[in-house]
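Enquirer:
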Amino acid sequence: MRKITVKVTFEGKNYQTNIITNEDITDDETIRLAREQIRKQLTFIKNSQQNLTNSI
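Written out as structure tokens, the structure is:
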């Protein structure tokens, strides 16, 4: 296992995230995982903000 810090552009903004992977993962797969992780994090944040707004 190894930890890789990846910088990617997602929806026009730059993000940095850490990916923990196997040693034999390709660069393309690493970038795909990073984008997927960022997408999930942004979706979580967006949903959390909506829930907070709805509860006020």
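Residue numbers (the working numbering): 1230 to 1285. Every residue gets a Cβ at the ideal spot worked out from N, C-alpha and C, and that includes glycine.
Using only alpha-carbon positions, find the residue among Asn1276, Thr1259, Thr1272, Thr1234 that is nearest to Glu1240.
Expert: Restricting attention to Asn1276, Thr1259, Thr1272, Thr1234, the CA atom closest to the CA of Glu1240 is found in Thr1272.
Enquirer: Would the stretch 1232-1239 count as touching the stretch 1252-1263 if we require 3 or more Cβ pairs under 8 Å?
Expert: yes
Enquirer: Under 7 Å, do Thr1250 and Ile1267 count as touching if we go by C-beta distance?
Expert: no
Enquirer: Kindly indicate which three-state DSSP category Asn1251 falls into: helix, strand or coil?
Expert: coil
Enquirer: Opposite Ile1267 in the DSSP bridges: which residues?
Expert: According to DSSP, Ile1267 bridges with nothing at all.
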